[in-house]
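Chemist:
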Amino acid sequence: MEQDSTSGYLSPDEFLEQLNKLPATDVSRVMNVAMAKYVNGTGMEFGDLLQESIARILAGSRRVPKNVPMVAFLIQTIRSISSTERNKDDVALVDSLEDRIDELSTIPSHDPSPEQIIEEAQKSQYHRNVLDQLNAVFNDDPHAQAIFQGRMGRLSSSEIRENLSMSSHEYDAARKRVDRTLLRIKAQGD
Amino acid sequence: MKRIKETDKEKLDRLVDSVIDDIQEMSDEEVLQLALETFGGIKPVITKFNFIVEQAEGVARKRRFDAAKEKVKVTRESSRLVSIVNLPIERKKSILAMAQRNGTITTLAARSATDSEADIDTLLEDLVEFGVIDENGNPR
Numbered sequence: 587m588e589q590d591s592t593s594g595y596l597s598p599d600e601f602l603e604q605l606n607k608l609p610a611t612d613v614s615r616v617m618n619v620a621m622a623k624y625v626n627g628t629g630m631e632f633g634d635l636l637q638e639s640i641a642r643i644l645a646g647s648r649r650v651p652k653n654v655p656m657v658a659f660l661i662q663t664i665r666s667i668s669s670t671e672r673n674k675d676d677v678a679l680v681d682s683l684e685d686r687i688d689e690l691s692t693i694p695s696h697d698p699s700p701e702q703i704i705e706e707a708q709k710s711q712y713h714r715n716v717l718d719q720l721n722a723v724f725n726d727d728p729h730a731q732a733i734f735q736g737r738m739g740r741l742s743s744s745e746i747r748e749n750l751s752m753s754s755h756e757y758d759a760a761r762k763r764v765d766r767t768l769l770r771i772k773a774q775g776d
Numbered sequence: 004m005k006r007i008k009e010t011d012k013e014k015l016d017r018l019v020d021s022v023i024d025d026i027q028e029m030s031d032e033e034v035l036q037l038a039l040e041t042f043g044g045i046k047p048v049i050t051k052f053n054f055i056v057e058q059a060e061g062v063a064r065k066r067r068f069d070a071a072k073e074k075v076k077v078t079r080e081s082s083r084l085v086s087i088v089n090l091p092i093e094r095k096k097s098i099l100a101m102a103q104r105n106g107t108i109t110t111l112a113a114r115s116a117t118d119s120e121a122d123i124d125t126l127l128e129d130l131v132e133f134g135v136i137d138e139n140g141n142p143r
């Protein structure tokens, strides 16, 4: 396990040593990122996602450059694995079973199997449910609702703030409510 | 042309990505508060994290062991193949003739393999790989 110790990459042992010395703040960062990706509907439980990210680095299939902050690299690995896991069974960019059935009438037989269509519909339903839950929570919180909608609509922080004439203090407080609500949806649900 | 409409998945992706960006930029104080709110405190979050790291070490150890095992297997296999191709050409031909006599290979295959030593080697390597003969050309 000691290879790479003199190269531009951390050896798995060096990575593990740093991981075991991670300050509580960074542990919280990494764990919350894994939780956020879990909310995203990765198909892996948040602990499994983090475990897989660490295991790949320790097994040597992902190498950590010494000049990149370790936590940033680990977060990037979580993002990358969850994205691959999440997209591997995707068959098309549609968001409901009805849409899919409509399209099937014009698509030849090499299209997805009925099982894939059902699975896709279930995933779509999952995404819809999470957004509906968030929307309901922010119903009585106009600032948080604006950030929630604005972020989904590709608006930057300053655009959201300017559109609603929010002070940076108001924005920051509402932004925290959005972050925490999203992270707690799965931690407290299911 | 039908416009592909934006999916809930894409909207949720953007929302989650923005939350992750926030987490990376949060102050230490805020991120500790987040540990409390998401996981019930800093102690539970560290306990859970340590458990995950321990599990990951086990998974990684097994993957490295499996990879090493595979490497040994490949090395052993290739050294067996190297042995057979290093035999004298007369010995190789007699092995082929024997395989032809006992019906392991067809006359046609044996004849086509006599065109060049490389062809003979390929056929002998196949016989080793299929477990018909050992690396010295002896029947198994």
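So the sequences go chain by chain: A and B. For reference, each letter of the first sequence is one residue, going 587 to 776 in our numbering. For reference, each letter of the second sequence is one residue, going 4 to 143 in our numbering. Virtual Cβ for every residue (Gly too), placed ideally from N, Cα, C. All figures in this text were calculated on a predicted structure; none of them were measured in a lab.
Distance check for P700 of chain A and M630 of chain A, CA to CA, integer angstroms please.
Modeler: 23 Å
Chemist: Taking any Cβ of chain B, which residues in the segment 743 to 774 of chain A have a Cβ under 8 Å from it, in chain order?
Modeler: R761, K762, V764, D765, R766, L768, L769, R770, A773
Chemist: Could you check the C-alpha separation between I108 of chain B and V75 of chain B for me, to the nearest Å?
Modeler: 30 Å
Chemist: If you draw a straight line from the C-alpha of D129 of chain B to the C-alpha of A102 of chain B, how long is it?
Modeler: Across the structure, D129 of chain B and A102 of chain B are spaced so that their CA atoms are roughly 12 Å apart.
Chemist: So with Cβ pairs under 8 Å, would you call K14 of chain B a contact of chain A?
Modeler: yes
Chemist: Within the continuous alpha helix (DSSP H) that includes T10 of chain B, where are the two ends?
Modeler: No alpha helix (DSSP H) holds T10 of chain B; DSSP gives it neither H nor E.
Chemist: Of all the CB atoms in chain A, is at least one closer than 8 Å to the CB of A71 of chain B?
Modeler: no
Chemist: Roughly how many whole angstroms lie between the Cα atoms of S682 of chain A and T125 of chain B?
Modeler: Because S682 of chain A carries a pLDDT of 48, less than 50, the predicted location of this residue cannot be relied on, and the following value inherits that uncertainty. When rounded, the separation of the alpha-carbon atoms in S682 of chain A and T125 of chain B is 55 Å.
Chemist: In three-state DSSP terms, what is L741 of chain A?
Modeler: The three-state secondary structure of L741 of chain A, taken from DSSP, is coil.
Chemist: Would you kindly report the start and end of the unbroken alpha helix (DSSP H) that includes T611 of chain A?
Modeler: From DSSP, the alpha helix (DSSP H) with T611 of chain A extends over 610 to 625.
Chemist: Whole angstroms is fine: what's the gap from N618 of chain A's alpha carbon to G44 of chain B's?
Modeler: 12 Å
Chemist: Would N606 of chain A be called buried (16 or more neighbouring beta carbons within 10 Å of its own) or exposed?
Modeler: exposed
Chemist: Look at the alpha carbon of P609 of chain A and the alpha carbon of F52 of chain B, and state the distance between them as a whole number of angstroms.
Modeler: 12 Å
Chemist: If you draw a straight line from the alpha carbon of D16 of chain B to that of N626 of chain A, how long is it in whole angstroms?
Modeler: 6 Å
Chemist: With a threshold of 8 Å between beta carbons, is T41 of chain B in contact with chain A?
Modeler: Yes, its Cβ sits closer than 8 Å to a Cβ of chain A.
Chemist: Short of 9 Å Cβ to Cβ, which residues in the segment 608 to 631 of chain A face chain B?
Modeler: Hits within the stretch, in order: L608, P609, A610, T611, D612, V613, S614, R615, V616, M617, N618, V619, A620, M621, A622, K623, V625, N626, G627.
Chemist: Where do the ends of the alpha helix (DSSP H) carrying L99 of chain B lie?
Modeler: 92 to 104
Chemist: Is the segment 86 to 96 of chain B in contact with the segment 648 to 664 of chain A, if contact means three or more CB pairs nearer than 8 Å?
Modeler: no
Chemist: Using a Cβ-Cβ cutoff of less than 6 Å, which residues in the same chain neighbour L750 of chain A once the five nearest sequence positions on both sides are dropped?
Modeler: The residues are A732.
Chemist: Counting only Cβ pairs nearer than 8 Å, list the residues of chain A close to Q27 of chain B.
Modeler: R615, V619, A658, I661
Chemist: Tell me the rounded alpha-carbon separation between E73 of chain B and S30 of chain B.
Modeler: Each residue's alpha carbon lies about 46 Å from the other.
Chemist: Using DSSP bridges, identify the partner residues of V650 of chain A.
Modeler: A:L596
Chemist: Looking at the strands, I want to know which residues DSSP matches up with I136 of chain B.
Modeler: B:P142
Chemist: Determine the DSSP secondary structure at M752 of chain A, reduced to helix, strand or coil.
Modeler: coil
Chemist: Compute the distance between the beta-carbons of E756 of chain A and H713 of chain A, then report whether it is under 8 Å.
Modeler: no
Chemist: I'd like to check one pair, D25 of chain B with D765 of chain A: are the Cβ atoms closer than 8 Å?
Modeler: yes
Chemist: I'd like to know if Q637 of chain A contacts chain B, where contact means its C-beta is closer than 8 Å to some C-beta of that chain.
Modeler: yes
Chemist: Look at the Cβ atom of R615 of chain A, then the Cβ atom of V654 of chain A, and state whether they are nearer than 8 Å.
Modeler: no
Chemist: Going by beta carbon distance, what residues of the same chain come within less than 8 Å of E745 of chain A, once the five residues before and after it are set aside?
Modeler: G736
Chemist: Quick one: list the residues of chain A neighbouring V77 of chain B, beta-carbon separation under 8 Å, in chain order.
Modeler: Ordered by position in chain A, no residue passes the 8 Å Cβ test against V77 of chain B, which lies about 17 Å from the chain.
Chemist: Should R740 of chain A be flagged as near chain B, meaning a C-beta pair shorter than 8 Å?
Modeler: yes
Chemist: In this structure, how does DSSP classify P698 of chain A when only helix, strand and coil are distinguished?
Modeler: coil
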